[in-house]
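J.: This structure is in structure tokens; I'll ask about it shortly.
There are 2 protein chains.
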Amino acid sequence: MTYDLWYWTGIPGRGEFVRLALEAGGIAYRDRAREEGDAAMIEDMARRANLAPFAPPYLVAGDLCIPQTANILLFLGDRHLGPKDDAGRHAAQALQLTIADMVVEAHNVHHPVSPGLYYRDQKPESLRAAEAFRRARMPKYLSWFERVLDDGGPWLLGEAWTYADLSLFQLLEGLAYAFPKRMATLAADIPLIAGVRERVRALPQLADYLHGERRLPFNEDGLFRHYPELDGD
Amino acid sequence: MTYDLWYWTGIPGRGEFVRLALEAGGIAYRDRAREEGDAAMIEDMARRANLAPFAPPYLVAGDLCIPQTANILLFLGDRHLGPKDDAGRHAAQALQLTIADMVVEAHNVHHPVSPGLYYRDQKPESLRAAEAFRRARMPKYLSWFERVLDDGGPWLLGEAWTYADLSLFQLLEGLAYAFPKRMATLAADIPLIAGVRERVRALPQLADYLHGERRLPFNEDGLFRHYPELDGD
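Just so you know, the protein sequences line up as chains A and B, in that order.
The numbering of the first sequence is the numbering used here, which starts it at 402 and goes up by one.
The numbering of the second sequence is the numbering used here, which starts it at 402 and goes up by one.
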């Protein structure tokens, strides 16, 4: 079965966590909004009436419509990628949901007042939010992921990569884009997760995708935005 | 098997979503931190070393340690409560994760700058965040849940309640506590989800719990806080 992924066309955003899993798993899919446009996605959501997702991304698998990034990855894990044992499944989901929590906080840095307002309308609040995120939240989250790998590894759950490693890669890519100065300072404290990032980047299954033209670059419409005034050592 | 739930003792918080599922399912559990104190929980987390949860709540089921609210509910759904078919499982998780997204935004109202600072240190930012949440985000989320029930019901996924209904109940309870004026204004627009709230409140399985002394009241240390200056029509 070829799956349909629907996600906004202009940003990597949350859709990218799903794309990495599909690509690394060699799973057949169509990137529907990128083929047909955002308007087609909005129409598709409306057609689903009371089963419409609250927001993209969502994956359509035959009669199933699966919204929410972590939920999609759970589905892809169970059907394709693993882990398939109970301990692994719930450990991967716990990691994914913690990555999702940090993603929300990274987005909150440039949208502390509301996701419904523009950054330019919440800049003073963003400066304060960025300071707190860089000082307190980044070390707290990143040292937690580092600790998961302590005495273990080389992947988060041990000997084999899971979708959580792919998502940690994307999280670290995004943080490095948004906060290059801060990530440079923190680098010495997070060698193990930096290792996961490099190992994901070197996965043969991802070589074509990561070095090809389909992978969307980060930009200032997405989750991770590089506003120099929000970065710092 | 008797499960161990670990969560902070002083607030309903995210632990309450798990408690409602355990109680409604008649599932045997011990509320460990409430028996032994928060310090015992912190020690328990530390003992788990590289498998420690990022944050409570977490559920211990024999050798399994399951962090993250939605992940715990997935586990309880699969083992006990249902839904157990693929469509139902992923639909319930999508609902749960959307409820979790709104919970984060409701918390952000009084912590827009950072979860690591006190409310009193971010009051001007909170006033702006509350205005945006009340005006834009509350109607957007609540009308989406209302739409899920449109032409369906009486429960979110149809004829039988799932953990998502219990969580929607707790979300609505929290919003009514934190934003009584705003919820009174919105009431006319959300009769269907108000019906879910009333049906959960009337579940015979929850009667003892909801009317007993173990259920923790909302307060100003938790996710949902009643600060009158943040509410409004």
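Each residue gets a CB set at the ideal place from its N, CA and C atoms; glycine is no exception.
Note that the structure is a prediction, hence the values are computed from the model and not measured.
Sort B:Leu496, B:Ile473, B:His612 by Cα distance to B:Ala456 and report the nearest one.
T.: Here residue 456 of chain B is taken as the residue at index 55 of the second sequence, counted from 1. The option with the nearest alpha carbon to B:Ala456 is B:Ile473.
J.: Output, in chain order, the set of chain B residues within a Cβ distance shorter than 8 Å of A:Ile467.
T.: Within the first sequence, the letter at position 66 stands for residue 467 of chain A. Those are His491, Ala495, listed as they occur along chain B.
J.: Kindly list, in the order they appear in chain B, the residues whose Cβ is closer than 7 Å to that of A:Trp562.
T.: Residue 562 of chain A sits at position 161 when you count from the first residue of the first sequence. Within 7 Å Cβ-Cβ: nothing; A:Trp562 doesn't reach chain B, min ~17 Å.
J.: Where in the segment 476-545 of chain B do unbroken runs of the alpha helix (DSSP H), each at least 4 residues long, occur, reported from the N-terminal end onward?
T.: Listed in chain order, they are 487-509, 524-533.
J.: From which residue to which residue does the beta strand (DSSP E) around B:Asp464 run?
T.: Along the second sequence, read from residue 1 onward, the residue named residue 464 of chain B stands at position 63. Segment: none, B:Asp464 is in no beta strand (DSSP E) and carries neither H nor E.
J.: Once you ignore the five residues that flank B:Arg600 on each side, which residues in its own chain have a CB closer than 7 Å to its CB?
T.: Residue mapping note: residue 600 of chain B aligns to position 199 of the second sequence, counting from 1. Same-chain partners within the cutoff: Pro555.
J.: Can you give me the C-alpha to C-alpha distance between A:Asp486 and B:Gly478, rounded to a whole angstrom?
T.: For the purposes of this step, residue 486 of chain A is taken as residue 85 along the first sequence, with counting starting at 1. For the purposes of this step, residue 478 of chain B is taken as residue 77 along the second sequence, with counting starting at 1. A:Asp486 and B:Gly478: Cα-Cα distance of roughly 16 Å.
J.: Return the Cβ separation of A:Leu573 and A:Phe625 in integer angstroms, given the expectation that the two are a contact with Cβ distance under 8 Å.
T.: Translated into positions along the first sequence, residue 573 of chain A becomes position 172. Translated into positions along the first sequence, residue 625 of chain A becomes position 224. Rounded, the Cβ-Cβ distance is 10 Å, inconsistent with contact.
J.: Just the C-alpha distance for B:Trp407 and A:Val597, rounded to the nearest angstrom, thanks.
T.: Looking up residue 407 of chain B in the second sequence gives position 6. Looking up residue 597 of chain A in the first sequence gives position 196. Spanning the two alpha carbons is a distance of roughly 30 Å.
J.: DSSP has B:Gly559 in a bridge; who is on the other side?
T.: Mapped onto the second sequence, residue 559 of chain B falls at position 158. In DSSP, B:Gly559 forms a bridge with B:Trp556.
J.: Tell me, please, whether the segment 460-472 of chain A touches the segment 494-502 of chain B by the rule of three or more beta-carbon pairs shorter than 8 Å.
T.: Result yes; three or more Cβ-Cβ pairs closer than 8 Å.
J.: Given that a residue counts as buried once 16 or more other Cβ atoms are within 10 Å of its Cβ, and exposed if not, what is A:His612?
T.: Locating residue 612 of chain A in the first sequence gives position 211, where the first residue counts as 1. By the 10 Å Cβ count, A:His612 comes out exposed.
J.: For B:His491 and A:Ile594, what's the separation of their Cα atoms in angstroms?
T.: Working through the second sequence from its first residue, we reach residue 491 of chain B at position 90. Working through the first sequence from its first residue, we reach residue 594 of chain A at position 193. Distance between the alpha carbons of B:His491 and A:Ile594 is about 30 Å.
J.: Spell out whether any CB of chain A is found under 9 Å from the CB atom of B:Thr499.
T.: The residue labelled residue 499 of chain B in the question sits at position 98 within the second sequence. With 9 Å as the cut-off, B:Thr499 counts as an interface residue toward chain A.
J.: Taking buried to mean at least 16 other C-beta atoms within 10 Å of its own C-beta, is B:Glu560 buried or exposed?
T.: Locating residue 560 of chain B in the second sequence gives position 159, counting from the first residue. With fewer than 16 other Cβ atoms within 10 Å, it is exposed.
J.: Which residues, taken in chain order from the segment 507-521 of chain A, show a beta carbon closer than 7 Å to some beta carbon of chain B?
T.: Under the 7 Å Cβ criterion, the segment 507-521 of chain A contributes Asn509, Pro513, Val514, Ser515, Gly517, Leu518.
J.: Please list, in chain order, all residues of the same chain as A:Tyr459 whose beta carbon is under 7 Å from its beta carbon, the five residues on each side excluded.
T.: Counted from its first residue, the first sequence places residue 459 of chain A at position 58. So the list reads Trp407, Cys466, Ile467, Pro468, once near-sequence residues are dropped.
J.: Which residues in the same chain as B:Asp634 place their Cβ atom closer than 6 Å to its Cβ, once the five residues preceding and following it in sequence are excluded?
T.: Your numbering for residue 634 of chain B matches position 233 in the second sequence. Once the five neighbours on either side are set aside, the close Cβ partners of B:Asp634 are Lys582, Thr586.
J.: Express the C-alpha separation of A:Ala537 and A:Asp637 in angstroms, rounding to a whole number.
T.: Coverage of chain A is limited to positions 402 through 634, which leaves residue 637 of chain A absent and any answer about it impossible.
J.: Who pairs with B:Leu631 in a beta bridge, going by DSSP?
T.: Counting from 1 along the second sequence, the entry for residue 631 of chain B is found at position 230. B:Leu631 pairs with nothing; no bridge assigned.
J.: If we call anything under 9 Å between Cβ atoms a contact, is A:Leu557 one with B:Leu475?
T.: The residue labelled residue 557 of chain A in the question sits at position 156 within the first sequence. The residue labelled residue 475 of chain B in the question sits at position 74 within the second sequence. No. Outside cutoff.
J.: What residues match up with B:Tyr459 in a beta bridge as DSSP calls it?
T.: Reading the second sequence from its first residue, position 58 is the one you call residue 459 of chain B. Answer is B:Trp407, B:Pro468, bridged to B:Tyr459.
J.: Could you tell me how far apart the beta carbons of A:Glu506 and A:Phe534 are, in whole angstroms, since I believe they sit closer than 8 Å?
T.: For this step, residue 506 of chain A is matched to residue 105 along the first sequence. For this step, residue 534 of chain A is matched to residue 133 along the first sequence. Confirmed, Cβ separation roughly 6 Å.
J.: Given a threshold of 16 other Cβ atoms within 10 Å of its Cβ, counted over all protein chains shown, does B:Glu630 qualify as buried or as exposed?
T.: For the purposes of this step, residue 630 of chain B is taken as the residue at position 229 of the second sequence. B:Glu630 comes out exposed.
J.: Run the CB neighbour count on B:Ile443, radius 10 Å, all protein chains shown included, and call it buried at 16 or more, exposed below.
T.: On the second sequence, residue 443 of chain B is found 42 positions in, with the first residue counted as 1. So B:Ile443 counts as exposed.
J.: Mark B:Glu436 as exposed unless 16 or more other C-beta atoms lie within 10 angstroms of its C-beta, in which case mark it buried.
T.: For this step, residue 436 of chain B is matched to residue 35 along the second sequence. B:Glu436 comes out exposed.
J.: Report all residues from its chain with a CB closer than 6 Å to the CB of B:Leu387; omit the five preceding and five following residues, and keep chain order.
T.: Since the first residue of chain B shown is 402 and the last is 634, residue 387 of chain B is not available in this structure.
J.: Would you mind giving the Cβ-Cβ distance between A:Val514 and B:Pro513, rounded to the nearest angstrom? I have them listed as a contact below 8 Å.
T.: Numbered from its first residue, the first sequence carries residue 514 of chain A at position 113. Numbered from its first residue, the second sequence carries residue 513 of chain B at position 112. With 8 Å as the limit, A:Val514 and B:Pro513 qualify as a contact, their Cβ atoms being about 6 Å apart.
J.: The alpha helix (DSSP H) with A:Asp432 in it runs from where to where?
T.: Taking the first residue of the first sequence as 1, we reach residue 432 of chain A at position 31. Careful: A:Asp432 lies outside any alpha helix (DSSP H), inside the beta strand (DSSP E) at 430-432.
J.: Going by Cα to Cα distance, which pick from B:Asp522, B:His511, B:Met584 is closest to B:Asn620?
T.: Locating residue 620 of chain B in the second sequence gives position 219, where the first residue counts as 1. B:Asn620 has its Cα closest to that of B:His511, out of B:Asp522, B:His511, B:Met584.
J.: Any beta-carbon of chain A closer than 9 Å to the one on B:Val597?
T.: As a working note, residue 597 of chain B is residue 196 in the second sequence. No, no contact with chain A.
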